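J.: So that you can map any letter, position 220 of the sequence shown is 220 in the UniProt record's numbering, and since no number is skipped, the others follow by simple counting.
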Amino acid sequence: MQSQLSFEKRDTGTLFLVPTPIGNLGDMTYRSVATLKNVALIAAEDTRNTQKLLNHFEIETPQISFHEHNTQERIPQLIAKLQAGEDIAQVSDAGMPSISDPGQELVKACVAAGLTVVPLPGANAGLTALIASGITPQPFYFYGFLDRKPKLQRDELTALVNRPETLIFYEAPHRLAKTLTNIASELGEQRPAALCRELTKKHEEFIRGSLAELVTWATTDQVRGEFVIIVSGNPNPEIETPADDFSQLTIEEHVDQLIDSGLRPNDAIKQVAHLRQLKKQDVYQIYHHIEKK
Numbered sequence: 001m002q003s004q005l006s007f008e009k010r011d012t013g014t015l016f017l018v019p020t021p022i023g024n025l026g027d028m029t030y031r032s033v034a035t036l037k038n039v040a041l042i043a044a045e046d047t048r049n050t051q052k053l054l055n056h057f058e059i060e061t062p063q064i065s066f067h068e069h070n071t072q073e074r075i076p077q078l079i080a081k082l083q084a085g086e087d088i089a090q091v092s093d094a095g096m097p098s099i100s101d102p103g104q105e106l107v108k109a110c111v112a113a114g115l116t117v118v119p120l121p122g123a124n125a126g127l128t129a130l131i132a133s134g135i136t137p138q139p140f141y142f143y144g145f146l147d148r149k150p151k152l153q154r155d156e157l158t159a160l161v162n163r164p165e166t167l168i169f170y171e172a173p174h175r176l177a178k179t180l181t182n183i184a185s186e187l188g189e190q191r192p193a194a195l196c197r198e199l200t201k202k203h204e205e206f207i208r209g210s211l212a213e214l215v216t217w218a219t220t221d222q223v224r225g226e227f228v229i230i231v232s233g234n235p236n237p238e239i240e241t242p243a244d245d246f247s248q249l250t251i252e253e254h255v256d257q258l259i260d261s262g263l264r265p266n267d268a269i270k271q272v273a274h275l276r277q278l279k280k281q282d283v284y285q286i287y288h289h290i291e292k293k
C-alpha cells in the first residue's frame with residue numbers, strides 16, 4: 001500500500017502529466033501553461049510537434065523525446081532527474097498522456113520508485129465526443145484503438161458484443177471504413193452510433209445514425225481527419241452462465257443473479273429458461289410464485 005500527498009514538500013522532483021489541446025489551442029489551461037514554464041524539463045512524444053505549442057505560449061523550457069520506441073532508454077534517465085529534485089512535465093501530441101498515447105510506463109516507474117505523480121485536467125477526445133454524440137453518456141466503456149489486423153479486430157469486437165455500456169473507439173481516416181464495417185458486422189448494423197471528427201477544430205463534424213448508415217457514409221464520402229466512434233451499448237445482452245455456476249441455485253436465485261448483473265427481469269427469466277432448457281412461462285410462474293392452474 002502506498003499513499004501520496006501530491007503537494008507535500010519533498011527533496012525529490014514531481015512528474016506532472018500535462019494534457020495538451022486536441023486541436024484548438026484555446027483549450028490549453030492556465031495551469032498547464034504555468035506548469036510547462038516552471039518545470040525543468042518536458043518529456044514530449046514528438047518534440048517538433050510540442051515545440052509549436054511551446055512557441056505559441058512563449059514557453060522556453062527544454063524538451064526531451066519520450067515515445068513508444070525509446071521508453072526503456074528514457075525512463076531510467078527521467079527517474080534519475082526526478083530523484084535529483086528536478087520537476088518534469090510529460091506531454092503527448094494531443095490530449096491526455098497515457099490515453100492511447102505514451103506515458104503509462106513512466107507513471108508506473110515513478111510509482112514504483114516512490115516519486116510523486118500529479119495529473120492535470122484537460123482536453124480528451126473520447127469524452128468530448130461522448131457528451132455531444134446524442135448517445136447515453138454513462139456508463140461508458142473506453143476502448144481506444146482496435147487492433148489493425150482484421151481477424152484480431154473481429155475477435156476484440158466479439159468480446160464486446162454483450163457490453164451494455166456505450167462504447168468509445170478511436171480510428172484513423174484511412175482505416176475508418178473497414179473498421180466500421182467490422183463493428184457493424186459484429187455488433188449489429190442497427191446499433192445507434194456517431195462519428196465525431198476533427199474535434200475542436202474548424203471542420204468539427206458529427207455524423208449520427210445507425211452503424212449501417214455510418215458504413216455507407218464512410219465508404220462513399222471523402223473521409224478526412226481523426227475520428228472518435230461512439231457506439232450504443234447492447235440493451236439486451238445475452239449472458240451465458242456456465243452450468244456449474246447455477247447448478248446449486250434455485251430458479252429464483254438464478255433469475256435474481258442475472259438481474260443483479262444488469263439484465264431486465266423479463267430478459268433474465270428468458271435467459272434462465274434458455275440455460276435450463278425450460279419453458280419461459282414455467283420460469284416466470286416459479287419466479288413470481290404463481291400457481292399453475
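C-beta atoms are modelled at their ideal positions from N, C-alpha and C, and glycine is treated no differently.
What you are looking at is a predicted structure, and each value in this text was computed from that prediction instead of being measured.
Here's the rule: buried if 16 or more other CB atoms are within 10 angstroms of the residue's CB, otherwise exposed. What is L152?
T.: The count along the sequence shown starts at 1 and reaches residue 152 at position 152. With fewer than 16 other Cβ atoms within 10 Å, it is exposed.
J.: Figure out for me which residue from V283, C196, A212 has the closest Cα to the Cα of E205.
T.: Numbered from its first residue, the sequence shown carries residue 205 at position 205. Of the candidates V283, C196, A212, the one whose C-alpha sits nearest the C-alpha of E205 is C196.
J.: Who are S210's beta bridge partners in DSSP?
T.: Stepping through the sequence shown from its first residue, residue 210 is reached at position 210. Paired residues: P192.
J.: Would you say I183 and L157 are within 8 Å of each other, going by their C-beta atoms?
T.: Position 183 of the sequence shown, counting from 1, holds the residue named residue 183. Position 157 of the sequence shown, counting from 1, holds the residue named residue 157. It is a contact, given that the beta carbons lie within the stated cut-off.
J.: Rounding to the nearest angstrom, what Cα-Cα distance links A123 and L53 in this structure?
T.: Looking up residue 123 in the sequence shown gives position 123. Looking up residue 53 in the sequence shown gives position 53. Distance between the alpha carbons of A123 and L53 is about 14 Å.
J.: With DSSP as the reference, label E186 as helix, strand or coil.
T.: Along the sequence shown, one-based indexing puts residue 186 at 186. Note: E186 maps to helix in three-state DSSP.
J.: Bridge partners for Y170 per DSSP, in chain order?
T.: As a first step, residue 170 must be located in the sequence shown, where it is residue number 170. Answer is F145, V228.
J.: Does the distance from the C-beta atom of E45 to that of H67 stay below 8 Å?
T.: What you label residue 45 is simply residue 45 of the sequence shown in a count that begins at 1. What you label residue 67 is simply residue 67 of the sequence shown in a count that begins at 1. In contact: E45 and H67 (Cβ atoms closer than 8 Å).
J.: Which two residues bound the contiguous alpha helix (DSSP H) that contains S32?
T.: Position 32 of the sequence shown holds residue 32. Per DSSP, S32 belongs to the alpha helix (DSSP H) from 30-38.
J.: State the start and end residues of the unbroken beta strand (DSSP E) segment that holds V118.
T.: Residue 118 sits at position 118 when you count from the first residue of the sequence shown. Run containing V118: 116-119, per the beta strand (DSSP E) assignment.
J.: So within the region 42-69, which uninterrupted alpha helix (DSSP H) runs reach at least 4 residues, ignoring any that extend past its ends?
T.: Counting whole runs of 4 or more residues, the region 42-69 contains the alpha helix (DSSP H) stretches 47-56.
J.: Could you round the C-beta distance between V39 and D87 to whole angstroms and report it? I think they count as a contact, below 8 Å.
T.: Position 39 of the sequence shown holds residue 39. Position 87 of the sequence shown holds residue 87. Right, the Cβ-Cβ distance comes to about 4 Å (below 8 Å), so this counts as a contact.
J.: Under 8 Å: do the region 112-127 and the region 14-32 share three or more Cβ pairs, one atom per stretch?
T.: A contact exists between the region 112-127 and the region 14-32.
J.: Using only alpha-carbon positions, find the residue among S100, P97, V111, L41 that is nearest to S6.
T.: Position 6 of the sequence shown, counted from the first residue, corresponds to residue 6. Checked all of S100, P97, V111, L41; the closest Cα to S6 is V111.
J.: Checking 8 Å against the spacing of the C-beta atoms, do G126 and I168 come in under that value?
T.: Locating residue 126 in the sequence shown gives position 126, counting from the first residue. Locating residue 168 in the sequence shown gives position 168, counting from the first residue. For G126 and I168, yes; Cβs fall inside 8 Å.
J.: Alpha carbon to alpha carbon, how far is K108 from G188? Give it in angstroms, no decimals.
T.: On the sequence shown, residue 188 is found 188 positions in, with the first residue counted as 1. On the sequence shown, residue 108 is found 108 positions in, with the first residue counted as 1. When rounded, the distance between both Cα atoms is 38 Å.
J.: Looking at V231: is its Cβ nearer than 8 Å to the Cβ of L211?
T.: Sequence index remark: in the sequence shown, residue 231 carries index 231 (1-based). Sequence index remark: in the sequence shown, residue 211 carries index 211 (1-based). Closer than 8 Å, so yes.
J.: Can you give me the Cβ contacts of F227 inside the same chain, cut-off strictly under 8 Å, excluding the 5 residues immediately before and after it?
T.: As a position in the sequence shown, residue 227 is number 227, starting the count at 1. Same-chain partners within the cutoff: Y170, E171, A172, P173, L176, L195, C196, R197.
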